[in-house]
Each structure stands twice: as structure tokens, then as C-alpha cells.
Amino acid sequence: PGAPVVLKVRTAAPLLRDLRGRFARVDEIAEEELGFAVQQSTKAVYRQAQRNIGRMFRNPGRMQSALKMTVRLGKRPIGEVSISGVENVIHETGGLRSYTIFPRNRSVLKFQGLVLGRTGGTRFGSVFAARVDRDPLPQRSYLRLALEQKRSEVRNILDEALRRNTTRIARG
């Protein structure tokens, strides 16, 4: 398994510390509501990443099923959206260098492409090769794009939860 690409929604922890500093206490209801807000915002990013994968790739099923969402609650709630599998991470980050493809079960590779004709012209047909050199895969970010697309929604969800709780805690 490849290293997961992880999205962390960490905006809740500093704001929670600020509430504790100003009011000397944050009750369990406030922590629970803030955890729920982190869960909602993480779910919004997760769903957007699934939609992005569906739009960008021809066969998105396996990639979408490799996408995982986890939320850790408690004093410092954190939401994560990650994906496992080297091939999935390479799509997110892009390939680092050129690579060569070799045949596995045959002596040559066969694919459709332009073939040089006997008279010097080209035509479309079967190409046979012992190996093929490929350029690095382009970056097709779906996780970082999802975070960017949902940034204002995440901020609004967390701000609203904090605003409600700040008012309630201040009243005492």
C-alpha cells in the first residue's frame, strides 16, 4: 500500500483553545458540537472527492472505493480524507519520471498507432514493440481540488458551530 494522501481539517483545534482561554471552560456539549461540525465538513470534502474522481476517470469504481474518510473526536477533532494504493496516489501527485513498459506474457507489445508504410507514408494500424518508453503521468488532483472546492463550506460549518457555542458559553 502506498502512503496515503491525507487531508486534515485542523481549523477547529486553535479555535477551541481560544474558547478555553477566554472562558476557562468548554463543556462537553460544545466539544460534541464541534466534533459534529468537523465530521460534516470532512464528509462534504469526501463526497466532493468522489464526484471529482467520477468526472476525471473512465472507470472510477475502484478508485472511489479506495477513498476513506475518518474523523477523530475529542479535545482536538480532526477529519481526514485519504486514499490508498500507489496508482491512486500517483494520479493525485503526478508521476516523477519517465518509465518503460515491457511485455509480461508475450515477447512483444501490440497496440494501435501510426505505422510507417513501405512507401514512406504513415497509416493507422497495429504496432509491435519489445518495450515502450512513456512520459511521466500528469497530475490529476482530485483530493486537493475537493478541499479547494469545499473550502468556504468547511469554513462556514466550523464558524457556525463556534459562533453558537461561543454565545452559549459566554451566557454561562
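The numbers in the sequence shown follow my numbering, run straight up by one, and end at 179.
Where is the CB? At the ideal position from N, CA and C, for every residue including glycine.
As the structure is a prediction and not an experimental result, all values here were calculated from the model.
Cα separation between D166 and E94?
-> One C-alpha to the other measures close to 36 Å.
By Cβ distance, which residues of its chain are closer than 6 Å to G46, with the 5 residues on each side in sequence left out?
-> In the sequence on display, residue 46 carries Gln and not Gly. Non-local C-beta neighbours of Q46 in its own chain, meaning closer than 6 Å and more than five positions away in sequence, comprise V78, ordered along the chain.
How should Y53 be labelled, buried or exposed, when 16 other C-beta atoms within 10 angstroms of its C-beta is the threshold for buried?
-> In summary, Y53 is buried, with 16 or more beta-carbon neighbours lying within 10 Å of its beta-carbon over all protein chains present.
Could you give the distance in angstroms between the alpha-carbon of R151 and the alpha-carbon of P143?
-> The straight-line gap from Cα to Cα measures roughly 20 Å.
For L123, the three-state DSSP class (helix, strand or coil) | If DSSP states are grouped into helix, strand and coil, L123 belongs with the strands.
Excluding sequence positions up to five away, which residues of its chain have a Cβ less than 6 Å from the Cβ of P110?
-> Same-chain partners within the cutoff: L116.
Identify the residues that DSSP records as bridge partners of M76: which are they?
-> Bridge partners of M76: V88.
Specify, as a first and last residue, the run of the beta strand (DSSP E) that Y93 falls within.
-> According to the sequence as given, residue 93 is Val; it is not Tyr. Element bounds for V93: not the beta strand (DSSP E) but the alpha helix (DSSP H), V93 to T100.
So, is Q55 buried or exposed, given that buried needs 16 or more other C-beta atoms within 10 angstroms?
-> Around the beta carbon of Q55, 16 or more other beta carbons lie within 10 angstroms, which makes this residue buried.
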